[in-house]
Each structure stands twice: as C-alpha cells, then as structure tokens.
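Participant: Those sequence lines, one after another, are chains A and B.
So that you can map any letter, position 386 of the first sequence is 386 in the working numbering, and since no number is skipped, the others follow by simple counting.
So that you can map any letter, position 36 of the second sequence is 36 in the working numbering, and since no number is skipped, the others follow by simple counting.
Cβ atoms here follow ideal geometry from the backbone N, Cα and C, with glycine treated the same way.
This is the structure I have questions about; it appears just below.
There are 2 protein chains.
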Amino acid sequence: MKTNRREFVKTGTVAGLGIAGIGLTVTNTFGQKRAKSKDAIIRDPNIVRVGFIGIGGRGTGHVHDSLTVGGIEVVSVCDLSQEAIDNVQKMVIKSGGKAPKGYTGSPHAFEQMLKNEVLDAVIIATPWDWHVPMAIASMKAGVPYTGVEVSAANTLEECWDLVNVHEQTGNQVMIMENVCYRRDVMAILNMVRKNIFGELIHCRCGYEHDLRGVKFSVDDDEIKIGKEAESEAQWRGLHSIKRNGDLYPTHGLGPIGIYLDINKGNRFLTLSSMASKSRGLKKFVSDHTKKDDTYREINFNLGDIVTTMIKCANGETIIVTHDTNLPRPYSLGFRVQGTNGIWKGEGGGDWTDAGEQIYVEGQSKEHTWDKAEEWLKKYDHQYWRDKGDQATGGGHGGMDFIMLNDFFDTVRNKKQVPLDAYDAAAWSAVSALSEMSVARGGALVDFPDFTRGQWIKRHPSFAKDGKFPTAPEREYIENLF
Amino acid sequence: MKTNRREFVKTGTVAGLGIAGIGLTVTNTFGQKRAKSKDAIIRDPNIVRVGFIGIGGRGTGHVHDSLTVGGIEVVSVCDLSQEAIDNVQKMVIKSGGKAPKGYTGSPHAFEQMLKNEVLDAVIIATPWDWHVPMAIASMKAGVPYTGVEVSAANTLEECWDLVNVHEQTGNQVMIMENVCYRRDVMAILNMVRKNIFGELIHCRCGYEHDLRGVKFSVDDDEIKIGKEAESEAQWRGLHSIKRNGDLYPTHGLGPIGIYLDINKGNRFLTLSSMASKSRGLKKFVSDHTKKDDTYREINFNLGDIVTTMIKCANGETIIVTHDTNLPRPYSLGFRVQGTNGIWKGEGGGDWTDAGEQIYVEGQSKEHTWDKAEEWLKKYDHQYWRDKGDQATGGGHGGMDFIMLNDFFDTVRNKKQVPLDAYDAAAWSAVSALSEMSVARGGALVDFPDFTRGQWIKRHPSFAKDGKFPTAPEREYIENLF
Numbered sequence: 001m002k003t004n005r006r007e008f009v010k011t012g013t014v015a016g017l018g019i020a021g022i023g024l025t026v027t028n029t030f031g032q033k034r035a036k037s038k039d040a041i042i043r044d045p046n047i048v049r050v051g052f053i054g055i056g057g058r059g060t061g062h063v064h065d066s067l068t069v070g071g072i073e074v075v076s077v078c079d080l081s082q083e084a085i086d087n088v089q090k091m092v093i094k095s096g097g098k099a100p101k102g103y104t105g106s107p108h109a110f111e112q113m114l115k116n117e118v119l120d121a122v123i124i125a126t127p128w129d130w131h132v133p134m135a136i137a138s139m140k141a142g143v144p145y146t147g148v149e150v151s152a153a154n155t156l157e158e159c160w161d162l163v164n165v166h167e168q169t170g171n172q173v174m175i176m177e178n179v180c181y182r183r184d185v186m187a188i189l190n191m192v193r194k195n196i197f198g199e200l201i202h203c204r205c206g207y208e209h210d211l212r213g214v215k216f217s218v219d220d221d222e223i224k225i226g227k228e229a230e231s232e233a234q235w236r237g238l239h240s241i242k243r244n245g246d247l248y249p250t251h252g253l254g255p256i257g258i259y260l261d262i263n264k265g266n267r268f269l270t271l272s273s274m275a276s277k278s279r280g281l282k283k284f285v286s287d288h289t290k291k292d293d294t295y296r297e298i299n300f301n302l303g304d305i306v307t308t309m310i311k312c313a314n315g316e317t318i319i320v321t322h323d324t325n326l327p328r329p330y331s332l333g334f335r336v337q338g339t340n341g342i343w344k345g346e347g348g349g350d351w352t353d354a355g356e357q358i359y360v361e362g363q364s365k366e367h368t369w370d371k372a373e374e375w376l377k378k379y380d381h382q383y384w385r386d387k388g389d390q391a392t393g394g395g396h397g398g399m400d401f402i403m404l405n406d407f408f409d410t411v412r413n414k415k416q417v418p419l420d421a422y423d424a425a426a427w428s429a430v431s432a433l434s435e436m437s438v439a440r441g442g443a444l445v446d447f448p449d450f451t452r453g454q455w456i457k458r459h460p461s462f463a464k465d466g467k468f469p470t471a472p473e474r475e476y477i478e479n480l481f
Numbered sequence: 001m002k003t004n005r006r007e008f009v010k011t012g013t014v015a016g017l018g019i020a021g022i023g024l025t026v027t028n029t030f031g032q033k034r035a036k037s038k039d040a041i042i043r044d045p046n047i048v049r050v051g052f053i054g055i056g057g058r059g060t061g062h063v064h065d066s067l068t069v070g071g072i073e074v075v076s077v078c079d080l081s082q083e084a085i086d087n088v089q090k091m092v093i094k095s096g097g098k099a100p101k102g103y104t105g106s107p108h109a110f111e112q113m114l115k116n117e118v119l120d121a122v123i124i125a126t127p128w129d130w131h132v133p134m135a136i137a138s139m140k141a142g143v144p145y146t147g148v149e150v151s152a153a154n155t156l157e158e159c160w161d162l163v164n165v166h167e168q169t170g171n172q173v174m175i176m177e178n179v180c181y182r183r184d185v186m187a188i189l190n191m192v193r194k195n196i197f198g199e200l201i202h203c204r205c206g207y208e209h210d211l212r213g214v215k216f217s218v219d220d221d222e223i224k225i226g227k228e229a230e231s232e233a234q235w236r237g238l239h240s241i242k243r244n245g246d247l248y249p250t251h252g253l254g255p256i257g258i259y260l261d262i263n264k265g266n267r268f269l270t271l272s273s274m275a276s277k278s279r280g281l282k283k284f285v286s287d288h289t290k291k292d293d294t295y296r297e298i299n300f301n302l303g304d305i306v307t308t309m310i311k312c313a314n315g316e317t318i319i320v321t322h323d324t325n326l327p328r329p330y331s332l333g334f335r336v337q338g339t340n341g342i343w344k345g346e347g348g349g350d351w352t353d354a355g356e357q358i359y360v361e362g363q364s365k366e367h368t369w370d371k372a373e374e375w376l377k378k379y380d381h382q383y384w385r386d387k388g389d390q391a392t393g394g395g396h397g398g399m400d401f402i403m404l405n406d407f408f409d410t411v412r413n414k415k416q417v418p419l420d421a422y423d424a425a426a427w428s429a430v431s432a433l434s435e436m437s438v439a440r441g442g443a444l445v446d447f448p449d450f451t452r453g454q455w456i457k458r459h460p461s462f463a464k465d466g467k468f469p470t471a472p473e474r475e476y477i478e479n480l481f
C-alpha cells in the first residue's frame, strides 16, 4: 500500500473537504494554515499516527493500552505536567518506539500540537471542561479521527458543537465509552440482537460509585479539593459544588443506548430527573476536618442520588442513577428487560459476579434466576473471543484494550466510528437536561434530536461482526428503512 | 374485665360518637338503626369478635391465620360463594369454634351483615373496587376497627373517603399491608431506627411479579379473563385493560413509607411516572390462543413497566416499580440507602436469599456487600422473636400471622391502628396519581396532604416496642415537635 493521506475517505454525514496532503501547505475548512513537510518520508500506511492530549492517569493508561494493541506510532503527547510527558516518553521508548514529541507549558499547548503534527488520530483524556474545546479543535485542524473521553460534553451547546463541527468538517469524533466494550455488556448485546430477551421494554443503568475519595484527595486522613488538591480532585469534585444533575451518565447509557438502537432506529424523547437531598459530601468533610476548618463552609449542590427517567421513541423506558456521594460497593446497576427475559447486571463488571443474573422464559428454571456466567460465555462477543487473552492485562479488566483496538481498527480502515458524534451528544446531553429537570423539581424536558431526523433511517452498526448475527426478524424490520 | 363496648376508646383524629351499646337499639352517626340484643350474654372481653367480608383465597387465608393467632371469635363471614362460606364454617368448627353466620346472595350482603352483627373488627378481602365502599360502610356501621386489604383505594376520591369517614366516625381503618411485617423488612426497620444506615437519602421498592397467570386464569393452556374466568382473573386482569399506572404500589411503599416516617414527620410531595409500551399481555394472549380468537382483539392500556419517582418533604427520593406483565422472578426490589450504608432487598422475601445484601461503612469489608442474613438476625424484630415460630406456618412466610396478631392486639387493647387511614390514603394514592402522570407523559403531579398538615407533628408509632429502641438523636428531633 502507498502512503497517501488523501485516501482517508470521509464517512461522516456530510462529505469532508479532504485532509492536509503530505508535504503541502494547506488551508483547511476553517482557514488555518500549516506546514506538513516533516511527514514526507515513506511510511507504513497501516501504522496509525496518534497524538494524546491529556496524559494523567487515564491518558497514560490509554498510551499503555494503545501500545499493547499495536500498529500505532505515538507521535506526540500534550499535558501540563512535564513529568507526565517524561514518563510517557520513557514508556514509548521502552516499547521499542521513538520518543513522542512533548507539548506543555500552557493549557492551550494542544493547539500548537494540532497545528504542527500530522496525525491520523487524537485521543483526549483531560478534565471534562476541556473535552469539547479540544475535540472541536482536533476536528477543525483536520484530524480525521478524534477519540474523546467520557462524558463527552457538559452542556447542550457543547453537544451541538460536537455534532455541528463533525458535520462541517467531515472529520469524525468517537466517544470513548469503554463500558460499551465490557465483556458482559458485549455478550448481552449479542443476546439482545439474537432476540433472546424478546422485544426490549425497559432498561436500567447508572453510575453507582462512591467517589468521595476521588472528589477529594485524601492524604493521611487530610482532605483537599480544587486547586489545593491532587489528580482528579483538582477539578472533578468542584462539579459537585456547583451542579445538581446526573454528572456522569454515559457508562450506563452507552451500553443501553446501543441495546436500544438510540440514534439508529430509536431516540431519547424526554426525561424527568429528581435529586435527593445532599448530605454525603458535607458529612465526608465533617468526618475528615476539625471544627473550624473552612471546608465546612462548602455547600454541595449535587443531590446524593439523582434519578433520571427517559422515554424513548419506540416506547421503552430507561432509569439512570447517579450515586457518587455515599458509601456503597461499586455497580453500574444494569437491567435489560424484554418480553422474553431479563438481565440484571449489578456486579462490578466481572461476569462471574453474583450480581450478574439472567432469566429467560422457557429456558431458565421457573421463577429462578440463572447465574449469568453460562449465558455470557455462550454469547461471548467475537471481539473478546479474538482478543480476550491479550486484553485482560489492559485497563478496566480489558475493556479499554478492546475499545482502543476497535478505535484504531476504525482509523486504519477508514471506517465510520462505532460510537459517533450523535451518540456522544445524546448520551452526554443527559447531564445538562437532568440539571434542568432537577431545577424544576422533576419536570419533563425534551431531548434535542441531534441527528436532525436521520435516526429514523440509520441502521445499528456497533460491533456487528462475528459469530452472532442479528436475528432475521430484527434485520427485516431494520431493512424496511 | 367487664364487657362494655363503650369502653372502646376512640383514638382517631376526631373523637368518635360512641359505638352501639349492648342490647340497645342505637342510632349511629349516619342515622342507621339496628338491634343488638343477641349480644347480651356475658362474654370474655378479650375475645375479639370478627366478621370477614370476602373469603376467597385471600380471605380464607386470613380466617385460618386469625384462628392460629387466637383470641378471636369468627362471628360472621360474607361472600358471593356459598361454597366458600361452607368451607370456612367447617374450618372454624374444626378449630373448636361455633360456625360463623354466613351472608351471601348479593354483592351487597355485607350491608346486612354490618347491620345485624356486633363486631369489634371487620376484615375485608374483596376485589379492589369494593375495598373502600365496604370499609366506609363498616366504619359508618360503627365497627371500631376495620382491616382492609391492599391496595386500599383506586382513586383519589376513595383515598379521601377513607380519611374523611375515619375522621367523621372516629372509627379506625387499617390498611393490611402484610409486607410491613415481613421479617427482613422489620429487621431493617430496627436498623433504620437505630441509625445504622445513617440519615436516609434514597429508597426503592416495587412490585416485580409476573402476574400473567393471575390476570388470566389458565387451564390446560386455555386462558380466560373477566366474567368468563376464575378467581382473581375475574377482575384483576381487567384493570390492565383500562388503566395505565402503578396499579399495586403498597407492598413496596408500605415498608418504605414506614422507614421514611411518611405521615408522621414526613410526607410524599410530588411524583412523576413513566410507562413503557405495553407488550407482555398481548404476547401472552397471542402465545395461548389460535389465530381467530377474539381475545386477540383486546388491547391493554397498562404499560409493562411503570416507574414512579417520588419526592418527599424531607428531601428523600423514592423509585417505585410496577412490573407485572413480563416473565421474571419475583421481587419487591427494595433498596434503603443512607449516609452510612445501604440495604438491597431484591430477594423473594426469605432473608437468606442471595438478593439480600447490606453494606455499612466502617463495618462491612470495603467495597464489598455483606450477605444480609447476619445483620437481619442481629436486628430481628421483637414481634418475630416472640412469635416467629408460631408465625412460620402462616400465609406468606408468616408475615400474615404477624400482621393479624398486631391487628387483633390493637383491637383488643383499643389502641391506634399501626397502619392507619392516612397511610392507606397516601400509599394507595400512588395508583391514581401515577395514572395522571403517565397520561401526561411523566409530568409532575402533587400529592394531596391527607393529614391536613398533621404530618408535621405526628410521631412514628409502627411496631415501636421491643429490643431496639429508636436512636436517641432521632428521638430528640422527633420530640421537638
């Protein structure tokens, strides 16, 4: 194969304007100019050239797992921390690669990187507020594939920005929702598509994760938040002071959105959200400070439990839970319920967990849950059959590896991203919409249709390859459109 | 003790007008006259004279368990079925009692019974539509204690009728919500009152029970509904044709209402309900009929899953699920979550069930559920410590026995009923309110305050005796009011 970046076909809704050629000075869609001469040497077109923006804990994990996936060149990395850059450079060299160029020194250093480097893909793992500005800059800079961490967007305006810039540039953005790639989640997807649960009626999901020790950094029982703190506590906890809604809906809604064909034959119509009172974080501060500590002055807007009900165009309902301020074991609280059966995925992600249960009418013993394990093994997804052994060393039990493998495969083969701008917008929109509904005491609010009506005709496409094709009756109805 | 029905102290909100004396012709509150002469013989005042209205499966169970509880005389029974009356008469004779008088021949035969008999208590176990008319008639006839099956009321008007007639007559009505007496539910109540879970933040409950074989009578795979059917299928299934809301909220909301001190320091403020599409019953009909069967013409208004979010005055949220049309194992889907810990009660009611899990910060292993059993044993309620062995043969794993024992103890000792007209109204109101909200796509609707503001000052009273008194800090706050 020849090296020719012009071959990167645009698969977005709107045809793209072509990407910067090699060794030319080009003007991209938005009038920015840049020189691309350093890319002129002959190179292997199967090697994906990646730049990473944000290499904190999460971003560094992505570099590590991307190197394990292979077939990539870490061209550049960008972070405020020179130490993080040094670490990642060492990691890449150790893996046999060339030290990636480091960009640092300003929160806007990423703009320089996007201007200077020729990249097939950018991966963004920064604080929430930066996801959309960076993803937009990446698309506008002509990067054909941008992967952005969850939640992708914080406001409705940001949701629209992702969609609009994707459509305007023809460049693609993928929401890197790793739970869509969790082994049990993908096996359930096979079962859903094979109609094992019948017609889907009701789903549940959530983020039930005691984050008190993440929203605050804890050191020798001393706690810190905001600028004084370390790691995620520098910014993540601050959202709980100002905002009251489902701040982190996509780990649950990603998988459920896939099961229910959201944006591809179905869509979210309306939601109603209620927040409980806020006590958990105040109590956490009280438990970890002395009487006169100024932290005790902080009031937290975020209700401890925020529950959201969503109605879908095809008549299904979804319950989404946000539960991050109280002591409890971790769970994403999955439920998928149809006319033939039900999956309860309340474990921590391991499919042998006791919280993983399945009941299928006519196959399970009457009135009795099956442990899910046998079902999940039987319907194990092709991705995991093929790469499961390799994945298992990777982040979050291997799902990060499987996701990155899918992402780079998409980039390498110039395909449509499996989780696209419309998914990023619809799933992330729950944050802003739930804040509106909570503020009105649980009043209904409407979802924007980010696809502008295209959801009616679009077909499900996520992770469709493999051993378990879609049931013929489902395929038939999809193909009417 | 002397026999004197005048001694029955009225404990309702409004002082009663006194009950029919013995051997007198009296005019009660509502002007009805009746002769009471047959009651003139000296009798043991500790024997509670009971009349049963409705002795189908449920009512007959109540007679049986009431006889096991002891200290009662089954004075009369009323049912449309003479066969049912014959059976119960035999049952009472076999237990050493005198055959109760049978009333039958018309749906209004109960009026005759209420007019003729001197009763300390009436227990009503009839189809839902009859609960309130019969309870009202019983209170108006001067019966001091009326127990009524769940749900107590179907409409808001009926909810108000229960409250208003109770207040007008001074006679009491108890909603016979047996799940409030389930062994795990009562142990959790002890834990709640002892502050083991901390301040309560969020609760869940529901009725997740595949009722397809109850809404239809099934015989040799032939199904029937309505007038053509047997048992509950004669009437219960019909509600699913006409109504779309949470038709049966009290098994879950009873316990949660007790935990959250609803009507006694707290109240339900607003709710929002969404219904999924309706598929389960139509599919059930399709699976059990031939192509030209007229049953296939029936459309069912009831969405398969109806979810309700409730906001309470004290800031807690509650999620209530109604799930009766789809295949699944039984559960009441309990969750009680506070600032210190959480109970997940998703088993079938047996506290050894794997679905029963507890996590308490500082006591449970970090991030790990405890099997609930040890906790529940430790906090076993006094009622079960005292009567558990005797109860276990009774209906629904013994909770019916514990409930009836509490009811008759209340009657015998002229106490305030543990689950009163306000509870019956507030819990049952969720049916009507959820229908309104569902019809508006999930819009918020307001709860009436059935206590007319008295909830602010009323104190929790349900099952307060025993080994685990309320934590001093809770008691202190209660006593400010």
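What distance in whole Å lies between the Cβ atoms of T368 (chain A) and L326 (chain B), which are believed to be in contact at a cut-off of 8 Å?
Facilitator: No, L326 (chain B) and T368 (chain A) are not in contact; Cβ-Cβ is about 16 Å, not under 8 Å.
Participant: What residues from chain A crowd round I319 (chain B), counting only those whose CB sits closer than 8 Å?
Facilitator: Within 8 Å Cβ-Cβ: T307 and I319.
Participant: Can you list, in chain order, the residues of its chain with a C-beta nearer than 8 Å to that of T221 (chain B)? Leave out the 5 residues immediately preceding and following it.
Facilitator: Residue 221 (chain B) is actually Asp in this sequence, not Thr. Within the same chain, D221 (chain B) has close Cβ partners H288.
Participant: Spatial neighbours of P460 (chain A) within its chain, please: C-beta separation below 6 Å, excluding the five flanking residues on both sides.
Facilitator: Here the set comprises D261 and K264.
Participant: Rounding to the nearest angstrom, what Cα-Cα distance links R49 (chain B) and L119 (chain B) in this structure?
Facilitator: Looking at the two C-alpha atoms, the distance is approximately 5 Å.
Participant: Within the chosen definition, does the stretch 245 to 262 of chain A reach the stretch 430 to 441 of chain A through at least 3 CB pairs nearer than 8 Å?
Facilitator: Cβ pair count under 8 Å is three or more, so yes.
Participant: Let me know the secondary structure DSSP gives L480 (chain A) once reduced to three states.
Facilitator: Here L480 (chain A) sits in coil by DSSP.
Participant: Would the stretch 151 to 169 of chain A count as touching the stretch 319 to 336 of chain A if we require 3 or more Cβ pairs under 8 Å?
Facilitator: Touching, no.
Participant: So who's on the other strand from Y359 (chain B), going by DSSP bridges?
Facilitator: The partner list for Y359 (chain B) (beta bridge, DSSP) reads B:I342.
Participant: Nearest CA to the CA of D482 (chain B): which residue from B:A99, B:A391 and B:N266?
Facilitator: This structure cannot speak to residue 482 (chain B), because chain B is shown only from 1 to 481.
Participant: Go ahead and label T352 (chain B) buried or exposed: buried means 16 or more other beta carbons lie within 10 angstroms of its beta carbon, across all protein chains shown.
Facilitator: The residue in question, T352 (chain B), is exposed, as its Cβ has fewer than 16 Cβ neighbours within 10 Å.
Participant: Listing by chain order, which chain A residues have their CB less than 7 Å from the CB of G397 (chain B)?
Facilitator: Within chain A, no residue comes near G397 (chain B); the closest Cβ sits about 15 Å away, beyond 7 Å.
Participant: Just to make sure I have the definition right: I need the residues of chain B whose C-beta is within less than 7 Å of the C-beta of G315 (chain A). Which are they?
Facilitator: Within chain B, the residues near G315 (chain A) are S276 and K277.
Participant: Mind checking if A471 (chain B) is an interface residue toward chain A, Cβ cutoff 8 Å exclusive?
Facilitator: Closer than 8 Å: no.
Participant: Which chain A residues sit within Cβ distance under 7 Å of A426 (chain B)?
Facilitator: Chain A residues near A426 (chain B): none, gap ~18 Å exceeds 7 Å.
Participant: How many angstroms separate the CA atom of A84 (chain A) from the CA atom of M91 (chain A)?
Facilitator: Whole-angstrom Cα-Cα distance: 11 Å.
Participant: For the stretch 320 to 337 of chain A, which residues have a beta carbon sitting closer than 9 Å to at least one beta carbon of chain B?
Facilitator: Under the 9 Å Cβ criterion, the stretch 320 to 337 of chain A contributes T321, D323, N325, L326, P327, R328, P329, Y330 and Q337.
Participant: Taking Cβ to Cβ, would you say T104 (chain B) is nearer than 8 Å to I53 (chain B)?
Facilitator: No, the pair does not count as a contact, with Cβ atoms beyond the cut-off.
Participant: K38 (chain A) by DSSP, collapsed to three states: which one?
Facilitator: Confidence at K38 (chain A) is low in this model, with a pLDDT of 46, below 50, so its placement is unreliable and the value that follows should be read with caution. Helix.
Participant: Of the residues A:E478, A:Y383 and A:K414, which one's Cα is nearest the Cα of N190 (chain A)?
Facilitator: When only C-alpha atoms are compared, the closest one is A:Y383.
Participant: Count the C-beta pairs between the stretch 361 to 376 of chain B and the stretch 357 to 374 of chain A that are closer than 8 Å, then say yes if the count reaches three, no if not.
Facilitator: No: the two stretches stay apart, fewer than three of their Cβ pairs being nearer than 8 Å.
Participant: Enumerate, from N- to C-terminal direction, the unbroken beta strand (DSSP E) stretches of 3 or more residues contained entirely within the stretch 243 to 307 of chain A.
Facilitator: DSSP runs (the beta strand (DSSP E)) wholly in the stretch 243 to 307 of chain A: 268 to 275.
Participant: Quick one, which residues of the stretch 355 to 388 of chain A are near chain B if we go by CB-CB under 7 Å, in chain order?
Facilitator: Listed in sequence order: Y359, E361, H367, T368 and W369.
Participant: What number of angstroms, rounded off, separates the C-alpha of I196 (chain B) from the C-alpha of W427 (chain B)?
Facilitator: Roughly 25 Å separates the two Cα atoms.
Participant: Can you confirm whether N340 (chain A), when its beta carbon is compared against all beta carbons of chain B, has any partner nearer than 8 Å?
Facilitator: N340 (chain A) counts as touching chain B.
Participant: From A:D129, A:G96 and A:S76, pick the residue whose C-alpha is nearest to that of N116 (chain A); which is it?
Facilitator: Comparing Cα positions, the closest option is A:S76.
Participant: Taking DSSP's pairing of strands, which residues face H202 (chain B) in a bridge?
Facilitator: In DSSP, H202 (chain B) forms a bridge with B:T317 and B:Q337.
Participant: Would you mind stating whether S286 (chain A) and T308 (chain A) have Cβ atoms separated by less than 8 Å?
Facilitator: The answer is no: Cβ separation not under 8 Å.
Participant: Would you identify the three-state DSSP class for W455 (chain A), choosing helix, strand or coil?
Facilitator: In this structure, W455 (chain A) counts as helix in the three-state DSSP scheme.
Participant: Quick one: which residues of the stretch 281 to 295 of chain A get their C-beta closer than 7 Å to a C-beta of chain B? List them in chain order.
Facilitator: Answer set for the stretch 281 to 295 of chain A: K283.
Participant: Quick one: what does DSSP say H322 (chain A) is sitting in, helix, strand or coil?
Facilitator: Of the three classes helix, strand and coil, the one that applies to H322 (chain A) here is strand, per DSSP.
Participant: Closest Cβ-Cβ distance between G245 (chain B) and chain A: below 8 Å?
Facilitator: By this cut-off, G245 (chain B) is not an interface position.
Participant: Looking at the C-beta of D496 (chain B), does it have a partner C-beta in chain A at a distance below 8 Å?
Facilitator: Absent from the model: residue 496 (chain B). The displayed extent of chain B is 1 to 481, so no value can be given.
Participant: In chain A, which residues lie with their C-beta within 8 Å of the C-beta of K311 (chain B)?
Facilitator: In chain order: M274, G441 and G442.
Participant: Put V438 (chain B) into one of helix, strand or coil per three-state DSSP.
Facilitator: In this structure, V438 (chain B) counts as helix in the three-state DSSP scheme.
Participant: Let me make sure I understand the geometry here. Which of B:S276, B:A152 and B:V192 has the alpha-carbon closest to that of H251 (chain B)?
Facilitator: Among B:S276, B:A152 and B:V192, the Cα nearest to that of H251 (chain B) is on B:A152.
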